[in-house]
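Which chain is which? The protein sequence lines are A and B, in order. Just so you know, we're using this note's numbering here: the first sequence kicks off at 1 and counts up by one. Just so you know, we're using this note's numbering here: the second sequence kicks off at 504 and counts up by one. Positions of the beta carbon are idealized from the N, C-alpha and C atoms, including for glycine. Below: the structure, in structure tokens.
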Amino acid sequence: MLAQLLTFAWSAPSLDYHALAPEIIVAATIVVLILLDAFTGERSRWASSSVAGIGLLLALIPIATLAYDGVDRVMFGGGFVVDSYALILQALFLISGYVVILLSTNYIAEGDYHEGEYYTLLLSSVLGMMVMASARDLISIFIALELVSIPAYMMAAWRKRDQKSNEAGLKYYLMGVFASAILLYGMSLVFGITGSTLLVEIGADLGSYVSSQPIITLGIAFVLIGFAFKVSAVPFHQWAPDTYEGAPTPVTSFLAVASKAAGFVAILNVLFIGFYGRNDVWEPLMWALAALSMTVGNLIALRQTNVVRMLAYSGIAQAGYILAPLAVAGASLGTGGEALRSIVVYLLIYAGMNLGAFAVVLAVARKTRSGEIKSFGGLFSYAPALTVCMTIFLFSLAGIPPAAGWFAKLSIFSSLASAGTASGYVLAVIVGLNSVIAFGYYGRLIRVMWMDEAPDGDRSPIKVPASLSFALIITMAVTLVWGVFPGALTHFTDQVTLFSLLR
Amino acid sequence: MKDFLNSWGISLMVFLPLVGALAMLVVPKAKEQFHKVVALAASLVVGFIGILIMTNFDYDANGQLQFVVDKAWIPIINSRYIVGIDGISLPMIALTLLIVPLCIIYSWNHFPEPKNPKAFLILILILETGMLGSFVAQDLILFFVFFEVVLLPMYFMIGVWGGEKRQYASLKFFLYTLFGSALMIVAFLSLYFLSDKIPVNGEMMHSFDMRLLPELATGISTGAALWIFGGMFMGFGIKVPMFPFHTWLPDAHTQAPTVGSVILAAVLLKLGTYGFIRIAIPILPGAAEKWAPFIGLLAVIGIIYGALCCLAQTDMKRLIAFSSVSHMGFVMLGIATLTTFGFQAAIFGMVAHGLITGMLFFVAGSTKDRYHTLDISRLGGMLKSMPHMGWILGFSVMASLGLPGLAGFWGEFPAILSAYNPGLGLNVAFFRVLMVIAAVGTVLAAAYLLWMYQRVGFGVPTKEFEDDPHLHDVTFTEWVAWTPMLILIVVLGFVPNIIFKVTDGAVSNTIAIVNGLGG
């Protein structure tokens, strides 16, 4: 063991630069941003958002070539894997990162916030997500998670002189650190039993330790609960609404979409590779988390008066839908694959529709300076295009065809039904009932936009800046194309698997 | 020509309204005339394609799906773009193709508040795509998508252009239907996973193909089939609407703008009954047999309950809405017998109810336009103040109560008769009791309709409307919109075979499936 460790430490691991190219490009962009900010100062502030955006788009090129190449690349003794699963999620993170930059451009520039630092932190967080998609080792997962979170803590508090923003950052930070501690404790228990941090080895070992059941249960539960904080699943969700409301809206969209997706990716990694054999432990946990998240999230969302808070609770409910397939994922390898693919599909579609909804909220807030649902009154009469966009995004979130959300929900239903167990069907019916409850608040916002009068009778049109329009076009295209031709999406996701690593 | 129709006809018919809607989307809303012309043109062209399809339809082989297109759509779950028309869907499609242009013509000069013809007409066109798509889809997921697409325009139509309590009504309509379709999709998926696999490109996969599912689903255990049927029952039954789930209907109808009510009554409700005939019963005949007495019972309760509610109404539109509940009860009773005769009656009843109740809602809308109220006690003497309108209302009322010689008769009486001899192993005595109760329903129907007509049509106008200048008789656009429907009501009344001939082959096929595999 020691000898092995020594040889490992002394000989440099072989690096596959092609496989690492996306991460390297993003890291290089971060360096460029810092240098730009340090040496050109005020004059080139405007450039930082463009540089950050171009960097993210450039990183998509090696992802495309790697996907075209189609070979699974394994590095660092199995701790870092680039396969179709990792690539599709990295593409998701890069594109949602790019859309968040589009959303931020005017907001950050006009608020006179620190632009250079903002984009540096944003890209660092995206980098963490990309590593997360490839990480197959407890330690690298933890590091990726911290790289995702720590910049996000700061970004949440970006409006320095606003108490709510400070509260958002602080709350997020404290809860995040608390979650990390729980996560690390769980990880240390798992490491203590299996003697390895590599997920593959943990997966191979965990099934055989029948006698240490309580510790295994505790370890797995703590790791998953740690991540449950990140994805704001009930009952670990309390931070989310306050943080979302207080944080600058572009940051909120980033937290609600990209950062949350990273949490789910972490759960998928540890669950499907490390803990898959112990589904007796995690299936009930996931069942409870899923059912609670969607029900509680939806019920509280019904009572919200602020759009962003409503979207926060809607996000909690959506997290419940995303977790649902995991409640049956252990039934068989077939069901597990089905669950994994349905979650990836949901994450992709969720990113498109939710970022779109935030884009509209940002556009409207430019005029109304408010996030209250009331302020959307009469939107149809003075901004019909934005209203139609928002309506489509909300229908998508509610899961009504032809907007893409229906296919996401269908995938969830499908993987729940494929298990063929009573618990799967019951959860499917709970998801169904929740879709109805959810329309209560999505429908209310739609109603306010279409059927109410504009508050104060102010019907002056909204000027939507170019970058926001572009973000709207991207998200709208994604939402409609995937909704009408789901084949265009499943074409990418139907090969996704994490089981190739299982022994 | 035939080749073109075979490969493109249906798709063109279904999606052309959307093309029209897209064209209207880019033109500013101030150009009202443009929007009206484009919308009408789109719906007429669609109607023309429909006529081409109908003239090329092989009526001798109406049991077979024709103009079938079968293309890959979502390969990963083997859901395909399969569309086709047979004798069951043809009458429904014809009804849709007729109603939509008439609605556009009717709206020509009086769009409900807050006007905005652009948005209103775009919604009607989207609605047309959804309705036509539901009737041609032969894949469960495709059907589900179209079924849901119908919801959205109707929600806005009620919510934006509706009456006083429009927001409440539109949300209620939406939540009810959504609840049903959520359970329906779970049922579809469990059906998908529990049914047998078929080879697709050398791989064994489950299928959503409605043509194959009756055979593939034979292996499903009785218990599971009962649950699955229950899920579909919720989805379709809420749409019909069947008795305990009908409460959205009076609100939606009362609050909807005239055209919305017409489309809702004429076509949307039929999606539910069509779903039973096309999907739920042929695929799960065994479960259908177990559910049939229950469905029959609810149908008859609906007939009587709807009729009694009608007697208590003071609002003309609300009365017509409850009469829908009652009439759809006859349709469901016909379906519940699981016989060729019953299904034939049901399909005829669907078309007849579409035309007649559509007509009644048109007249109610025009009445509201003139009197600004539908409070029956304030109306009166319509035959005096507006003789033509009064006669048209009288004609529709007669048709609705099932007068022989008009279309309504052929929907109701065969449905009642079919309950005399229910199919499969259904309890004969029980269905005969239902038959008798349903027959009492027709008497009640005559009672509430004639009573309503007496109060609205006969007598002298009330004081407040004595010399009201707004009370002008039927206008030109109204004539154009109503004449085809009035003619059809008479024609179908005299020559019911027009529809029975079209549906017989398809219906006997369906019943053969039910008898061959069920019981």
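Delimiting residues of the beta strand (DSSP E) encompassing residue i
{"i": "B:Phe570", "result": "Gln569 to Ile577"}
{"i": "B:Gly587", "result": "Ser582 to Ile588"}
{"i": "A:Val82", "result": "Phe80 to Val82"}
{"i": "B:Val703", "result": "Ile701 to Val703"}
{"i": "A:Val74", "result": "Arg73 to Met75"}
{"i": "B:Glu706", "result": "Glu706 to Met708"}
Residue i versus residue j - alpha carbon distance
{"i": "B:Ser869", "j": "B:His856", "result": "19 Å"}
{"i": "B:Val572", "j": "B:Gly512", "result": "9 Å"}
{"i": "A:Tyr17", "j": "B:Gly662", "result": "58 Å"}
{"i": "B:Asn619", "j": "A:Gly443", "result": "21 Å"}
{"i": "A:Ser536", "j": "A:Leu355", "result": "Absent from the structure is residue 536 of chain A, since the part of chain A shown begins at 1 and ends at 503."}
{"i": "B:Lys820", "j": "B:Leu772", "result": "16 Å"}
{"i": "A:His491", "j": "B:Ser582", "result": "14 Å"}
{"i": "B:Leu519", "j": "B:Ala545", "result": "7 Å"}
{"i": "A:Ala398", "j": "A:Ser435", "result": "6 Å"}
{"i": "B:Gly1021", "j": "A:Gly483", "result": "Confidence is the limiting factor: at B:Gly1021 the pLDDT is only 42, short of 50, which leaves the residue's position unreliable, though a coordinate-based value still follows. Rounded to the nearest angstrom, the two C-alpha atoms are 37 Å apart."}
{"i": "A:Phe93", "j": "A:Tyr85", "result": "13 Å"}
{"i": "A:Val496", "j": "A:Val265", "result": "13 Å"}
{"i": "B:Ile782", "j": "A:Ile63", "result": "45 Å"}
{"i": "A:Asn269", "j": "A:Leu340", "result": "10 Å"}
Segment limits, alpha helix (DSSP H) that includes residue i
{"i": "B:Pro907", "result": "Where B:Pro907 is concerned, there is no enclosing alpha helix (DSSP H), given that its DSSP letter is neither H nor E."}
{"i": "B:Met496", "result": "As shown, chain B starts at 504 and ends at 1022. That puts residue 496 of chain B outside it, with no answer to give."}
{"i": "A:Pro449", "result": "At residue 449 of chain A the sequence reads Met, which differs from the Pro that was named. Where A:Met449 is concerned, the enclosing alpha helix (DSSP H) stretches over Ala422 to Met451."}
{"i": "A:Lys511", "result": "Here chain A has residues from 1 to 503 only, and residue 511 of chain A is not among them."}
{"i": "A:Asp37", "result": "Tyr17 to Thr40"}
{"i": "A:Ile220", "result": "Gln213 to Lys230"}
{"i": "B:Glu718", "result": "Leu716 to Leu719"}
{"i": "B:Gln758", "result": "Trp751 to Gln758"}
{"i": "A:Ala466", "result": "Ala466 to Val484"}
{"i": "B:Leu814", "result": "Pro788 to Ala815"}
Cβ-based burial, residue i [other Cβ within 10 Å; buried from 16]
{"i": "B:Phe565", "result": "Reading off the sequence shown, one finds Asn at residue 565 of chain B, where the question assumed Phe. Buried, since its Cβ has 16 or more Cβ neighbours within 10 Å."}
{"i": "B:Met707", "result": "exposed"}
{"i": "B:Val963", "result": "exposed"}
{"i": "A:Pro214", "result": "exposed"}
{"i": "A:Lys260", "result": "buried"}
{"i": "A:Leu347", "result": "buried"}
{"i": "A:Arg278", "result": "buried"}
{"i": "A:Ile88", "result": "buried"}
{"i": "A:Leu15", "result": "exposed"}
{"i": "B:Thr750", "result": "exposed"}
{"i": "B:Lys539", "result": "buried"}
{"i": "B:Lys621", "result": "buried"}
{"i": "A:Asp548", "result": "Here chain A has residues from 1 to 503 only, and residue 548 of chain A is not among them."}
{"i": "B:His975", "result": "exposed"}
{"i": "A:Ile101", "result": "buried"}
Same chain, Cβ closer than 6 Å to residue i, five either side skipped, listed in chain order
{"i": "B:Ser829", "result": "Ile806, Gly809 and Ala810"}
{"i": "B:Ser826", "result": "Cys813"}
{"i": "B:Pro615", "result": "Trp664 and Pro760"}
{"i": "A:Ile108", "result": "Glu115 and Tyr118"}
{"i": "B:Gly1008", "result": "Asn565, Gly566 and Gly590"}
{"i": "A:Ser396", "result": "Met353, Ala403, Ala404, Gly405 and Thr479"}
Cutoff 8 Å; reference residue i; Cβ partners in own chain excluding five residues on either side
{"i": "A:Gly334", "result": "Ser418"}
{"i": "A:Val360", "result": "Leu386, Cys389, Met390, Phe393 and Leu472"}
{"i": "A:Tyr425", "result": "Leu416 and Ala417"}
{"i": "A:Arg503", "result": "Note on A:Arg503: pLDDT 40, under 50, position unreliable in the model; the coordinate value appears next. So the list reads Val200, Gly203 and Ala204, once near-sequence residues are dropped."}
Sequence-distant residues of its chain with Cβ nearer than 7 Å to residue i (five each side left out)
{"i": "B:Ser899", "result": "Ile859, Met862, Leu863 and Val866"}
{"i": "B:Glu651", "result": "Ser684"}
{"i": "A:Tyr570", "result": "Residue 570 of chain A falls outside the range modelled here, since chain A spans only 1 to 503, and no answer is possible."}
Specify whether the stretch 762-770 of chain B and the stretch 715-726 of chain B touch according to this definition: at least 3 beta carbon pairs, one from each stretch, less than 8 Å apart.
With a cut-off of 8 Å, the stretch 715-726 of chain B and the stretch 762-770 of chain B do not count as touching, because too few Cβ pairs lie within range.
Per the contact definition of three or more C-beta pairs closer than 8 Å, is the stretch 232-250 of chain A in contact with the stretch 165-172 of chain A?
The answer is yes - the stretch 232-250 of chain A touches the stretch 165-172 of chain A, with three or more Cβ pairs under 8 Å.
Any contact of the stretch 960-974 of chain B with the stretch 888-898 of chain B, i.e. 3+ C-beta pairs under 8 Å?
With a cut-off of 8 Å, the stretch 888-898 of chain B and the stretch 960-974 of chain B count as touching, because enough Cβ pairs lie within range.
Report yes or no: do the stretch 593-601 of chain B and the stretch 628-636 of chain B share at least 3 C-beta pairs separated by less than 8 Å?
Yes, since at least three Cβ pairs between the stretch 593-601 of chain B and the stretch 628-636 of chain B fall closer than 8 Å, the two stretches touch.
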